[in-house]
Each structure stands twice: as C-alpha cells, then as structure tokens.
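Note that our numbering has the sequence shown beginning at 66, numbered continuously upward. What follows is a single structure, written as structure tokens, with notes after it.
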Amino acid sequence: MGHPVRLAVGILIHLDMGDAYHVQTILAYDLNGKPLPVSNGAPLRLRIERQLGYKHAKYLMKIELVESFDGIHGGKGGYWEDNGYEWYGGI
Numbered sequence: 066m067g068h069p070v071r072l073a074v075g076i077l078i079h080l081d082m083g084d085a086y087h088v089q090t091i092l093a094y095d096l097n098g099k100p101l102p103v104s105n106g107a108p109l110r111l112r113i114e115r116q117l118g119y120k121h122a123k124y125l126m127k128i129e130l131v132e133s134f135d136g137i138h139g140g141k142g143g144y145w146e147d148n149g150y151e152w153y154g155g156i
C-alpha cells in the first residue's frame, strides 16, 4: 500500500498511494482550459473515482506524505475517519 497521503482542505482526508496514482484519479487545476473557479473547488480539486464522494476534496491547499496517521486528529487519518467512516471509502 505504501505511504498514506494526507490532504489539507480545512478538514483532513487521506488516500493510499494506489489510489493517488490510479489512472482515474484527477487533480484538477483548470476547467475547460481556464483556471478552476472557486465554485468548482479552486485552487485544486481532487477526484478519486474509486472512492465515495466524501473523499472528493475541493479547495485543496496542501498534499503531504506521512508515515502514519498517529497524532493526526484522532489518529485514524482524518475528519471523516475519526467520526466513524471507513478509512478507504471505496466503491
């Protein structure tokens, strides 16, 4: 699985490196040849097509590789995971 990826978007979400590099994962910075508007998630928007919608982050400000999720919020990897959602969120 490799190192998890920590994403800072006001709340934290995470994904494994397999999904980060998956051909269907999109890190969008423009839309139809123009800079991505705030209403669509500027400055960056992440679409992880193999995961449920709560993993599709808008307003992405930071991407960080971490060894583990210990010490990040409740230690489960992010806001949703700390509140009972599955860490993977796959479909």
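All residues carry an ideal CB built from backbone N, CA and C; glycine is no exception.
Check: Leaving aside the five residues before and after Ile137 along the sequence, list all residues of the same chain whose C-beta is less than 6 Å from its C-beta, in chain order.; Outcome: none
Check: Taking the continuous alpha helix (DSSP H) assigned at Ala107, which residues delimit it?; Outcome: Element bounds for Ala107: n/a, residue is neither H nor E.
Check: Return the Cβ separation of Lys141 and Phe134 in integer angstroms, given the expectation that the two are a contact with Cβ distance under 8 Å.; Outcome: 6 Å
Check: Given a threshold of 16 other Cβ atoms within 10 Å of its Cβ, counted over all protein chains shown, does Asp95 qualify as buried or as exposed?; Outcome: exposed
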